[in-house]
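Asker: First, the structure itself, so that you have it in front of you.
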Amino acid sequence: MNNIPENHPRAESLKMRATIETYRNMGLVANAGPIAHGRGEAFDYLLGEESIPCVKNDINVAAALLVNANKSVISVNGNTAVLAPESLVKLSNSIPAPIEVNVFYGRTNEREQKIANFLREHGATDVLGIKPSEKVPHLISARAQVDKNGIAAADVVLVSLEDGDRTRALLDWGKKVISIDLNPLSRTACDATINICDHVVRALPLLQKAVIELHANPGHSRALLHSFDKRKSRNQVLEYIEKRLQVLRSTIN
Ligand code: PTJ
């Protein structure tokens, strides 16, 4: 992990790749984790590798959903856990909401334990998903196994780097789903109640900040939730990418 020159123009991106690689070797990240990360990188490149202005409103709306939930939960897989452990813990404490480990691949309990221990090493106290006793109805993947005190009981679920099937199944189960997905056209992003089209590493601290602001100003939630239009939100992201590509087309030699 240490042979990345600090002054390399893409040092941050290379460090993140190294993190994914290291924790894949240690069994926290799935073998397909680096592939999913690479898909995200490609979409992040289209956004300019920054949190784009229109997504800030989606983050505020997501914060309003979390703050107003009867019971919310942060669902975490291998990639998100290793890329942003401190941010996950801070968000969990600020809402407050438990973190539930929920993975797609290699559900052996050993992997979930490793992820949970890693999060505990970063300060998490409330990590669920190690002994899942409930099932998401009509979902056949390993993600169907959920904690009775976490996803099963929640009315709002935050997911990231997700497969579309579970998002659909959670919605059909009557839950609201907030996704963080850099691909604005993925099934998850299109189906979720709200998609935050941003990198998990950037989105989670912004979401935590928005949660803190709403706790201080609870009256803002209603207007945020009332004004949210999912189609408009997605179109704004797509228009942003379109415009950025136009600018790049005319400026890159
Ligand atoms: O649950 P696990 O740990 O067993 O691992 C599951 C993975 C992540 C391998 C699995 O969910 C998967 O294969 O994901 P997909 O189908 O490749 O989808 C990942 C989605 O997340 C894609 O739409 C990517 O664009 C997006 N994505 C990737 N990296 C990031 C991201 N979105 C936000 N931030 C990222 N860092």
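Using the working numbering, you'd call the opening residue of the sequence shown number 53 and step up by one each time.
By construction, the Cβ of each residue, glycine as well, lies at the ideal position given by its N, Cα and C atoms.
1) Starting from K228, follow the beta strand (DSSP E) in both directions and report where the run begins and ends.
2) For K200, name the three-state secondary structure that DSSP assigns.
3) Closest to E102 by C-alpha separation, out of A268, L277 and C249, would be which residue?
4) Tell me where the beta strand (DSSP E) around I151 begins and ends.
5) Say the cut is 7 angstroms; is the CB of E58 nearer than that to a heavy atom of the ligand PTJ?
6) Does DSSP classify E173 as helix, strand or coil?
7) Please decide whether L290 counts as near chain D, where near means a Cβ-Cβ distance under 8 angstroms.
8) Tell me, to the nearest whole angstrom, how far the beta carbon of R76 is from that of P86; I am working on the premise that it is less than 8 angstroms.
9) Taking the C-alpha atoms as reference points, what is the distance between L222 and K123?
10) Where does E186 sit, in a helix, a strand or coil, going by DSSP?
11) When DSSP labels each residue in this structure, what does L256 get in the three-state scheme?
12) Quick check on the DSSP output: the beta strand (DSSP E) that includes L210 runs from which residue to which?
13) Measuring from the CB of D215, is there a heavy atom of the ligand PTJ at a distance below 7 angstroms?
14) Consult DSSP for S103 and reduce its assignment to one of helix, strand or coil.
15) Could you tell me the alpha carbon to alpha carbon distance between V107 and Y97, rounded to whole angstroms?
16) Which parts of the segment 253 to 293 are runs of the alpha helix (DSSP H), unbroken and 4 residues or longer, counting only runs that do not cross its ends?
17) Is the CB-CB distance between I230 and V208 below 8 angstroms?
18) What span of residues does the beta strand (DSSP E) with S127 cover, start to end?
19) For Q298, count neighbouring C-beta atoms within 10 Å of its own C-beta (all shown protein chains included) and say buried if the count is 16 or more, exposed if not.
20) By how many angstroms is the C-alpha of G226 removed from the C-alpha of I192?
21) Name the two residues that bound the continuous alpha helix (DSSP H) containing I246.
22) Tell me, to the nearest whole angstrom, how far the beta carbon of H190 is from that of V141; I am working on the premise that it is less than 8 angstroms.
Answerer: On the basis of the supplied data:
1) K228 to I232
2) coil
3) C249
4) I151 to V153
5) no
6) helix
7) Note that chain D does not occur in the displayed structure, where there is just one protein chain.
8) 6 angstroms
9) 14 angstroms
10) strand
11) helix
12) V208 to S212
13) yes
14) coil
15) 16 angstroms
16) Here the runs fully enclosed are 272 to 279.
17) yes
18) S124 to V128
19) Exposed, since its Cβ has fewer than 16 Cβ neighbours within 10 Å.
20) Spanning the two alpha carbons is a distance of roughly 18 angstroms.
21) It is not in any alpha helix (DSSP H) - I246 instead sits in the beta strand (DSSP E) that spans I246 to I248.
22) Actually they are not in contact, since the Cβ atoms of H190 and V141 sit about 32 angstroms apart, beyond 8 angstroms.
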